[in-house]
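Accompanying notes for the structure given below.
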Amino acid sequence: MGQIISHKDDAYPDFKNEICFSCGESPVAFWMGATGLVSVCRTCAIQVLPCLIADAIWQQCDMSIPIAQNALTEVRERFWYAVACNERMARTRQLKERFSDGET
Ligand SMILES: [Zn+2]
12 MGQIISHKDD
22 AYPDFKNEIC
32 FSCGESPVAF
42 WMGATGLVSV
52 CRTCAIQVLP
62 CLIADAIWQQ
72 CDMSIPIAQN
82 ALTEVRERFW
92 YAVACNERMA
102 RTRQLKERFS
112 DGET
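In structure tokens, the structure reads:
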């Protein structure tokens with residue numbers, strides 16, 4: 012399983028030379044998988060990744076709408092979990108910046 016990488020996270024290298032896996036434009040999100048880095052722009056995240064997910068699910072659910080619907084429920088849960096993780100990272104970053112500036 013991969014992991015979410017924030018381009019603002021100092022623990023990771025600079026991604027300025029990365030390109031979106033689908034359109035070649037500048038990416039805004041990165042995912043470190045077992046075989047390497049996947050980078051995506053916002054447009055392709057909204058327009059391409061859902062189609063890729065649907066294709067992957069459809070191939071494994073015997074063309075069953077109920078099974079596909081269950082998979083979509085799991086996708087939605089993972090989506091909101093990732094949003095929560097990003098929100099937590101952003102809050103942690105804000106706290107670090109606040110306290111490194113000498114505020115108490
Ligand atoms: Zn793209």
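Per the working numbering, the very first residue in the sequence shown carries number 12; after that it's consecutive.
Glycine residues also receive a C-beta, built at the ideal position from the N, C-alpha and C atoms.
The structure presented is a predicted model; accordingly, all values stated were derived computationally and were not measured.
- Judged by DSSP secondary structure, Phe26 falls outside any alpha helix (DSSP H); it is assigned neither H nor E.
- Judged by the Cβ position, Val51 qualifies as a neighbour of ligand 1 at the 7 Å threshold, a heavy atom of the ligand being closer than this.
- The residue from Ala79, Met74, Ile57 and Asp112 with its alpha-carbon nearest to that of Phe90 is Ile57.
- Between the alpha carbons of Ile78 and Ala65 lies a gap of roughly 12 Å.
- Listed in chain order, the non-local C-beta contacts of Ser33 below 6 Å within the same chain comprise Cys55 and Val59, local neighbours out to five positions each way being set aside.
- By a beta-carbon distance limit of 8 Å, Val51 contacts Cys31. Their separation comes to about 5 Å.
- In its chain, beyond the 5 residues on either side, Val39 have a beta carbon closer than 6 Å to the beta carbon of Arg53.
- Counted as a single uninterrupted DSSP element, the stretch harbouring Val39 is not any beta strand (DSSP E), since DSSP gives it neither H nor E.
- Per DSSP, Val94 is one residue of the alpha helix (DSSP H) stretching across Ile76 to Ser111.
- Exclusion of Cys62 from the 7 Å shell around ligand 1 follows from its C-beta lying no nearer than that to any non-hydrogen atom of the ligand.
- Here the distance from the Cβ of Ser33 to the nearest heavy atom of ligand 1 is below 7 Å.
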